[in-house]
Amino acid sequence: MTNNPTDLQLKTEKASQKDWLNILDILKEAGLKGYMSGKETYESFYTVKDSSKNQIIGCFAISIKDSIGIVKSFAIKKSLQGKGLGKVIANSLINTAKELNLKTLYASSWEAPRFWIKTNFEEINLNKINNKFFLDYINSLEKDFPDLFKSIKHFVLPIKD
Ligand SMILES: CC(C)(COP(=O)(O)OP(=O)(O)OC[C@H]1O[C@@H](n2cnc3c(N)ncnc32)[C@H](O)[C@@H]1OP(=O)(O)O)[C@@H](O)C(=O)NCCC(=O)NCCS
Numbered sequence: 004m005t006n007n008p009t010d011l012q013l014k015t016e017k018a019s020q021k022d023w024l025n026i027l028d029i030l031k032e033a034g035l036k037g038y039m040s041g042k043e044t045y046e047s048f049y050t051v052k053d054s055s056k057n058q059i060i061g062c063f064a065i066s067i068k069d070s071i072g073i074v075k076s077f078a079i080k081k082s083l084q085g086k087g088l089g090k091v092i093a094n095s096l097i098n099t100a101k102e103l104n105l106k107t108l109y110a111s112s113w114e115a116p117r118f119w120i121k122t123n124f125e126e127i128n129l130n131k132i133n134n135k136f137f138l139d140y141i142n143s144l145e146k147d148f149p150d151l152f153k154s155i156k157h158f159v160l161p162i163k164d
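Residue numbers (our numbering): 4 to 164.
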């Protein structure tokens with residue numbers, strides 16, 4: 004596999020049951036599995052494949068309420084990290100959001116806030132967030148991970164028509 008993201012043909016699609024173990028492997032390798040509640044299922048997940056090989060190279064979940072989406076568990080396969088793929092995939096989330104008729108995408112991160120800053124998402128101050136769905140999510144993170152929460156940053160991507 005070539006490692007230049009512009010040479011890869013990336014295909015984002017809704018995950019299916021058969022992808023689940025593969026997704027969990029990617030999340031485990033990426034160090035995100037410990038942050039999952041255990042209640043997640045493949046149904047909120049998307050896979051990103053290198054379509055020439057049909058191999059999953061990354062994944063993310065989107066939790067949706069009304070027209071708001073929260074991006075969670077965003078991860079690139081460990082052996083492919085640091086090659087620009089994450090940025091390409093994060094910037095293509097706008098296409099997934101449009102397909103889902105979302106108005107806004109949010110994400111929160113303490114693992115890699117400096118990564119999100121490099122994408123089309125914009126950092127947003129907690130006191131500027133007025134969406135209850137996202138605020139409830141943020142509050143649940145604070146409750147479950149009080150130490151990590153100290154370095155959390157929040158990001159927003161408005162989806163324009
Ligand atoms: C974070 C992650 C998704 C980034 O994907 P990636 O393909 O490795 O990142 P990219 O190569 O596209 O990097 C894009 C930019 O972000 C920066 N960056 C990437 N990961 C970073 C990190 N962890 N911390 C700080 N900066 C980071 C890169 O230096 C690059 O900067 P540049 O555009 O100035 O060159 C990926 O490394 C990963 O899956 N990490 C483990 C899981 C994780 O932390 N997920 C995020 C949960 S919110």
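Note that the Cβ used here is the ideal one computed from N, Cα and C, for glycine as well.
On a predicted model such as this, the values are computed, not experimentally measured, just so you know.
With hydrogens ignored, establish whether the beta-carbon of GLU114 is closer than 7 angstroms to any heavy atom of ligand 1.
For ligand 1, a non-hydrogen atom lies closer than 7 angstroms to the CB of GLU114.
* Residue of THR99, ILE73, ILE26 minimising C-alpha distance to ASP164 -> Answer by Cα proximity: THR99.
message = At the level of alpha carbons, what is the spacing between SER154 and GLU145?
response = C-alpha separation (whole angstroms): 11 angstroms.
(message) Between LEU27, SER55, VAL51, which has its C-alpha nearest ASN43's C-alpha?
(response) First, the amino acid is wrong: residue 43 is Glu here, not Asn. Of LEU27, SER55, VAL51, the residue nearest in Cα terms is LEU27.
Fill in: For HIS157 and LYS121, the rounded distance between their alpha carbons
Roughly 13 angstroms separates the two Cα atoms.
Review point. How big is the Cα-Cα spacing for PHE148 and ASP22?
Key: Whole-angstrom Cα-Cα distance: 28 angstroms.
(Q) Any heavy atom of ligand 1 inside 7 angstroms of the beta-carbon of GLY37? (A) The answer is no for GLY37.
How big is the Cα-Cα spacing for GLU46 and GLN20?
Approximately 8 angstroms between the Cα atoms of the pair.
- First and last residue of the alpha helix (DSSP H) that includes PRO8? Membership of PRO8 in any alpha helix (DSSP H) is not indicated, and neither H nor E is assigned to it by DSSP.
Taking 6 angstroms as the limit between beta carbons, can you name the residues of its chain near ILE92, skipping five residues before and five after?
In chain order, VAL51, GLY61 place their CB closer than 6 angstroms to the CB of ILE92, counting only its own chain and leaving out the 5 sequence neighbours on each side.
Checklist line | Start and end residues, beta strand (DSSP E) containing LYS80 | finding: Note, LYS80: premise wrong, no beta strand (DSSP E); not H, not E.
* To do: Taking ILE59 as part of the beta strand (DSSP E), name the residues at either end of that continuous run.
  => From DSSP, the beta strand (DSSP E) with ILE59 extends over 58-68.
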